[in-house]
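Here's the structure we're looking at; comments come further down.
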Amino acid sequence: MKKMKWLIPVFLILILMSAPLYAGDLQDAKDAVHRQDYKTAYKLLLPLAEQGDVQAQNNLGVMYDQGLGVVKNYQEAVKWYRLAAEQGDAIAQSSLGIMYYLGQGIQQDYQKAVKWYQHSAEQGKAQAQYNLGWMYFQGLGIVKNYQEAVKWYRLAAEQGDAIAQSSLGGMYDEGMGVPQDYQEAVKWYRLAAEKGLHVGQHNLGMMYYMGDGIDQNYKEALKWLDLAAQQGDAQAQFNLGLMHDQGLGVAQNYQEAAKQYRLAAEQGVPQAQFNLGLMYYSGQGIPQHYSSAHMWLSIAGSNGYKDAATKRTSLEKKMSPSQIVKAQEMARSWKPKKSKSIVEEFKEKVWLK
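For the sequence shown, this note's numbering assigns the number 1387 to the initial residue and increments by one for each residue that follows.
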């Protein structure tokens, strides 16, 4: 089992509100939001934003960003975020940086994303600190620097930001920007995992699986992987399937293994696609079906899994030409399920406070 524990494919978090709203129309707007009466909130916020109120400007940016009470319009979101950001609002600065990073409503520009993250991060906003750390980690819009990445991850992690905690754990896990320290990695992974972050749960589960920085414990590994898998974490689903397949920390259960492999395979994990193909090939844990086996082996191969082509060639010797044609058609028509990004998850959870 490969570690593949800690990198977060989609890392950016869009925070949707800055300071608590105050009395008057802003408070009325807040109340309207809590009633999910976004049209009323918009009517209350617009004149205030036009008068230069920074909170109203930031919140209008959010409403256009998410299509709440208005038609979604990234250009308008950028406009209002910028007005608030230029007044020094740290949340709007972070949000504007995200829009530059994603190229939403504005031409993608990593250097400008870094600029706005920096402004926000220096004001102590944890999400901007994490995002700035990621830019240093990837070398996007700025020279790659793992030490700087660690610095900003740590600042965010110490404020309790779960994604930063998991990422800081990853730096200790791999020895990037800091001396390798598995125990320190476990510490940060656990903090993220206990907050319910699926990436942190997966990472902690893998530390238990490998016995890195902590006593090897398959049951604990299974526990944390299962929690992450239930949230749709594809890599956790694959690793959970592997544990059921091999009977590690749990009674061997090929049916459950096939179930978890399928969940991961449908999200595009190549090794899960390969393993699911093998299970269809052998009829282990799932009814034998050569066309389905061929399909999944083809998909795994197209996603770079090297052993898939050899297995598929072996399988074709047992298949009729019509079965092969059917399998090829199935593979061509297959599309991975779109999983929610970290951004989308937090956009759904966070609003006016």
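Glycine included, every Cβ here is placed at the ideal spot set by N, Cα and C. Since this is a predicted model, take the numbers as computed values, not measurements.
Reference residue i, options the options, closest by Cα
| i | options | result |
| --- | --- | --- |
| glutamate 1534 | Gln1545, Leu1613, Asp1547 and Ala1507 | Ala1507 |
| methionine 1521 | Gln1566, Tyr1487 and Gln1670 | Tyr1487 |
| glycine 1671 | Leu1611, Met1449, Gln1646 and Gly1654 | Gln1646 |
| alanine 1650 | Tyr1595, Phe1624, Ser1481 and Tyr1594 | Phe1624 |
| serine 1480 | Gly1510, Ile1600 and Gln1659 | Gly1510 |
| glutamine 1545 | Gly1563, Gln1513 and Glu1570 | Gln1513 |
| glutamine 1659 | Arg1698, Val1536, Asp1439 and Asp1417 | Arg1698 |
| tyrosine 1594 | Asp1417, Glu1560 and Val1572 | Val1572 |
| glutamate 1580 | Leu1613, Asp1423 and Gln1566 | Leu1613 |
Residue i classed as buried or exposed, judged by whether at least 16 other C-beta atoms fall within 10 angstroms
| i | result |
| --- | --- |
| arginine 1648 | buried |
| alanine 1415 | buried |
| arginine 1468 | buried |
| aspartate 1631 | buried |
| valine 1419 | buried |
| serine 1684 | buried |
| arginine 1576 | buried |
| lysine 1723 | exposed |
| arginine 1718 | exposed |
| valine 1653 | With the sequence shown as reference, residue 1653 is identified as glutamine, and valine is not the correct amino acid for it. Burial call: buried. |
| aspartate 1451 | buried |
| aspartate 1601 | exposed |
| valine 1457 | exposed |
Neighbourhood of residue i by C-beta distance below 6 Å, restricted to the same chain and skipping five residues each side
| i | result |
| --- | --- |
| serine 1553 | Tyr1539 |
| alanine 1578 | Ala1548, Gln1551, Ser1552 and Gly1586 |
| alanine 1356 | The shown model of the chain, from 1387 to 1739, leaves out residue 1356, and the question about it has no answer. |
| glutamine 1617 | His1584 |
| lysine 1498 | Tyr1486 |
| alanine 1470 | Val1440, Gln1443, Asn1444 and Ala1478 |
| tryptophan 1502 | Gln1479, Leu1482 and Gly1483 |
| methionine 1596 | none |
| leucine 1634 | Tyr1604 |
| glutamine 1569 | Gly1599 |
Sequence-distant residues of its chain with Cβ nearer than 8 Å to residue i (five each side left out)
| i | result |
| --- | --- |
| valine 1500 | Gly1483, Leu1518, Met1521, Leu1526, Gly1527 and Ile1528 |
| lysine 1721 | none |
| methionine 1705 | Tyr1676, Ser1677, His1680 and Ala1713 |
Length of the line joining the Cα atoms of residue i and residue j
| i | j | result |
| --- | --- | --- |
| serine 1668 | lysine 1703 | 14 Å |
| histidine 1675 | asparagine 1531 | 50 Å |
| glycine 1491 | glutamine 1461 | 4 Å |
| valine 1464 | aspartate 1495 | 13 Å |
| glutamine 1493 | glutamine 1437 | 28 Å |
| histidine 1680 | aspartate 1598 | 37 Å |
| aspartate 1693 | alanine 1607 | 27 Å |
| glycine 1563 | glycine 1556 | 10 Å |
| asparagine 1444 | alanine 1542 | 22 Å |
| alanine 1686 | glutamine 1657 | 7 Å |
| alanine 1476 | histidine 1505 | 7 Å |
| histidine 1588 | tryptophan 1610 | 6 Å |
| tyrosine 1640 | aspartate 1417 | 52 Å |
| asparagine 1603 | alanine 1695 | 35 Å |
| tryptophan 1466 | glutamine 1473 | 11 Å |
| glycine 1410 | valine 1448 | 20 Å |
| tryptophan 1574 | tyrosine 1516 | 14 Å |
| alanine 1523 | glycine 1561 | One detail in the question is off: residue 1523 reads as phenylalanine in this sequence, not alanine. If you take the alpha carbons of phenylalanine 1523 and glycine 1561, they lie about 13 Å apart. |
| glutamine 1638 | aspartate 1423 | 51 Å |
| asparagine 1689 | methionine 1592 | 23 Å |
| valine 1628 | valine 1536 | The question names valine, yet the displayed sequence has leucine at residue 1628. Those two C-alpha atoms are separated by around 32 Å. |
| alanine 1615 | leucine 1626 | 7 Å |
| leucine 1446 | lysine 1429 | 10 Å |
| asparagine 1459 | alanine 1427 | 17 Å |
| valine 1636 | leucine 1701 | 31 Å |
| tyrosine 1691 | arginine 1421 | 50 Å |
| tyrosine 1408 | glycine 1489 | At tyrosine 1408, the pLDDT of 44 sits below 50, so the modelled position is not reliable; the number obtained from the coordinates is stated separately. Approximately 33 Å, taken between the alpha carbons. |
| aspartate 1559 | leucine 1590 | 11 Å |
| glutamine 1566 | glycine 1582 | 25 Å |
Neighbourhood of residue i by C-beta, 7 Å cutoff - its chain only, sequence neighbours within 5 removed
| i | result |
| --- | --- |
| proline 1442 | With the sequence shown as reference, residue 1442 is identified as alanine, and proline is not the correct amino acid for it. Hits under 7 Å: Leu1412, Leu1431, Leu1434 and Ala1435. |
| serine 1677 | Gln1709, Lys1712, Ala1713 and Met1716 |
| lysine 1425 | Gly1455 |
| valine 1655 | Ala1620, Gln1621 and Phe1624 |
| proline 1707 | none |
| glycine 1453 | none |
| leucine 1662 | Ala1644, Tyr1647, Arg1648, Ala1651 and Trp1682 |
| glutamate 1642 | His1630 |
Pick out the complete alpha helix (DSSP H) segments inside the segment 1570-1654, 4 residues or longer, and give them in chain order.
1584-1596, 1604-1616, 1620-1632 and 1640-1652
What are the complete beta strand (DSSP E) segments, minimum 3 residues, inside the segment 1433-1475?
The beta strand (DSSP E) runs lying completely inside the segment 1433-1475 and spanning 3 residues or more number zero.
3-residue-minimum beta strand (DSSP E) runs that sit fully inside the segment 1485-1548, ordered along the chain:
none
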